[in-house]
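Report on one structure; see the data block that follows.
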Ligand code: P6P
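Okay, structure coming up:
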């Protein structure tokens, strides 16, 4: 009888990592520890975001990141939290962050490198729209004990060992893949732990949601304009929050496509390849979707700069096939 009352709380992130450790790259505890470190930083940031209006952590700090974007206090706080958690966890070799100009070398005797957008969409925080963290994990190519070099970091997305995001929203979730499917964990504030809530997540094969900043339509290539016209004429619906992780997460659950095409302001696209597009492309493909720069698979792109941008189209496989048929101008 008492068993019925004591309902199980489910599988914690920690337990899941341990259960899957043999599947983790290298099968050693190092990789698992990194995932735990990410979970810790996410819980700390989640706590701060949940009290945003009550803490003096809003607004800008008067500096710009290497992208020339004004840094918000929470951008810097999140960056610090992840760098501290990963460094203290002791399993990371180096960190590339949207908020840092150069590689941060932590321990040249370790083998994993993480590319990180600590807090994407942070301009939405003060209006309480969901925001996210995006991460991508590689194995270094250079020998242990030597200095980390650019080649270690500038690897194709197809070389990722793991990728994921944290969405800080009405509920907060950690969603990640190690190349064997995508699993989602919901944060329980009362227990202070993430629990498996979305096992084996799959992008619906098709959908009607398209996510794009339509105010830029006058700057898009006519092929993209034609696809947007197709969407309007075929009962599609526009959902765009200005927060990539939020739009991606909704589209992965309901079916949809997110697009940030080239435009006059950003001819190479706005989103960053290393720590935004590669991670979401890996997750998307692992969940059965597709991700492209409009010409080729995101995961096949060879990075040449830590902070390089790329046009980004990502989502349900059938929607992506249709969109690319326009973008590649087969469809008039
Ligand atoms: P725009 C946030 O700055 C971000 O990087 C993504 O999270 C979001 O999808 C996009 O840029 C929004 O850009 O130009 O539409 O405001």
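Numbering (the numbering used here), first residue to last: 549 to 880. A virtual CB, placed ideally from N, CA and C, is assigned to each residue, including glycine. Predicted model, so just to flag it, every value in this text is computed and none were measured.
If we call anything under 9 angstroms between Cβ atoms a contact, is residue 651 one with residue 640? No, the pair does not count as a contact, with Cβ atoms beyond the cut-off.
Cβ distance (whole Å) where residue 591 is taken to contact residue 735 below 8 angstroms: Taking a contact as a CB-CB distance under 8 angstroms, the pair residue 591 and residue 735 counts as one, their CB atoms being some 7 angstroms apart.
Can you have a look at residue 598 and say buried or exposed, based on whether 16 or more other CB atoms are within 10 angstroms of its CB? Residue burial is scored here from C-beta neighbours: residue 598 has fewer than 16 other C-beta atoms within 10 angstroms and is therefore classed as exposed.
Does the distance from the C-beta atom of residue 763 to that of residue 875 stay below 9 angstroms? Contact: no.
Is the Cβ-Cβ distance between residue 667 and residue 608 less than 9 angstroms? By the CB criterion at 9 angstroms, residue 667 and residue 608 fall outside the cutoff.
Could you round the C-beta distance between residue 826 and residue 792 to whole angstroms and report it? I think they count as a contact, below 8 angstroms. That belief does not hold up - the Cβ atoms of residue 826 and residue 792 are roughly 13 angstroms apart, past 8 angstroms.
Under 7 angstroms Cβ to Cβ from residue 708, same chain only, skipping five residues before and after it: list those, please. Cβ within range, chain order: 684, 685, 686, 826, 830.
Can you list, in chain order, the residues of its chain whose CB lies under 8 angstroms from that of residue 557, leaving out five sequence neighbours each side? 736, 739, 743.
Report yes if the C-beta of residue 823 is less than 8 angstroms from at least one heavy atom of the ligand P6P; otherwise report no. No.
Which value, in whole angstroms, describes the spacing of the CA atoms of residue 776 and residue 832? Taking the straight line joining both Cα atoms gives about 22 angstroms.
Just verifying my parser: in three-state terms, what is the DSSP assignment at residue 788? Per DSSP, reduced to three states, the secondary structure at residue 788 is coil, with no helix or strand assignment.
Taking residue 694 as the reference, which of 669, 653, 663 has the closest Cα? The option with the nearest alpha carbon to residue 694 is 653.
Does the ligand FAD have even one heavy atom less than 8 angstroms from the beta-carbon of residue 623? As presented, the structure is devoid of the ligand FAD, carrying the ligand P6P as its sole ligands.
Identify whether residue 710 lies in helix, strand or coil by the three-state DSSP scheme. The three-state secondary structure of residue 710, taken from DSSP, is strand.
Bridge partners for residue 839 per DSSP, in chain order? Bridge partners of residue 839: 862.
With DSSP collapsed to three states, give me the class of residue 742. In the structure shown, residue 742 falls within a strand segment according to DSSP collapsed to helix, strand and coil.
Can you tell me whether residue 675 is buried or exposed? The criterion is at least 16 other CB atoms within 10 Å of its CB, across all chains shown. Classification of residue 675: exposed, given that the 10 Å Cβ count is below 16.
List the whole-angstrom C-beta distance separating residue 754 from residue 867, where the pair is believed to meet the contact cut-off of C-beta under 8 angstroms. In this structure residue 754 touches residue 867 by the C-beta definition: roughly 6 angstroms separates them, less than 8 angstroms.
Would you mind stating whether residue 758 and residue 804 have Cβ atoms separated by less than 9 angstroms? The answer is yes: Cβ separation under 9 angstroms.
In or out: residue 585 buried (at least 16 other Cβ within 10 Å) or exposed? In summary, residue 585 is buried, with 16 or more beta-carbon neighbours lying within 10 Å of its beta-carbon over all protein chains present.
Label residue 881 either buried or exposed according to how many other C-beta atoms from any shown protein chain fall within 10 Å of its C-beta, with 16 as the threshold for buried. The requested residue 881 does not occur in the structure, where the chain is confined to residues 549 to 880.
Measure the beta-carbon distance from residue 751 to residue 680 and round it to whole angstroms, keeping in mind my assumption that it falls under 8 angstroms. With 8 angstroms as the limit, residue 751 and residue 680 do not qualify as a contact, their Cβ atoms being about 17 angstroms apart.
Could you give the DSSP three-state label for residue 654: helix, strand or coil? DSSP places residue 654 in coil when its eight states are reduced to three.
Minimum Cβ-Cβ distance from residue 557 to chain B less than 9 angstroms: The structure shown contains no chain B, having only a single protein chain.
Going by C-alpha distance, which of 781, 774, 807 is nearest residue 787? Minimum Cα distance to residue 787 is reached at 807.
Measure the alpha-carbon distance for residue 841 versus residue 849 and round it to whole angstroms. Pairing residue 841 with residue 849, the inter-Cα distance amounts to about 9 angstroms.
Any heavy atom of the ligand P6P within a distance shorter than 8 angstroms of the CB on residue 764? Under cutoff, so the answer is yes.
C-beta contact flag for residue 845 and residue 615 at 9 angstroms: No.
Which whole runs of the beta strand (DSSP E) in the segment 561-647 are 3 residues long or more, in chain order? Counting only runs of 3 or more, we get 608-612, 618-620, 640-645.
Where residue 729 and residue 723 are concerned, what is the direct C-alpha to C-alpha distance, given to the nearest angstrom? C-alpha of residue 729 to C-alpha of residue 723: approximately 11 angstroms in a straight line.
With a threshold of 16 other CB atoms inside 10 Å of the CB of residue 818, please say whether the residue is buried or exposed. Classification for residue 818: buried.
Suppose only complete runs of 4+ residues qualify. What are the alpha helix (DSSP H) ranges in the segment 795-855, listed by chain order? The segment 795-855 contains these whole alpha helix (DSSP H) runs: 826-834.
Using DSSP with H/G/I as helix, E/B as strand and the rest coil, what is residue 697? When DSSP states are grouped into helix, strand and coil, residue 697 belongs to the coil group.
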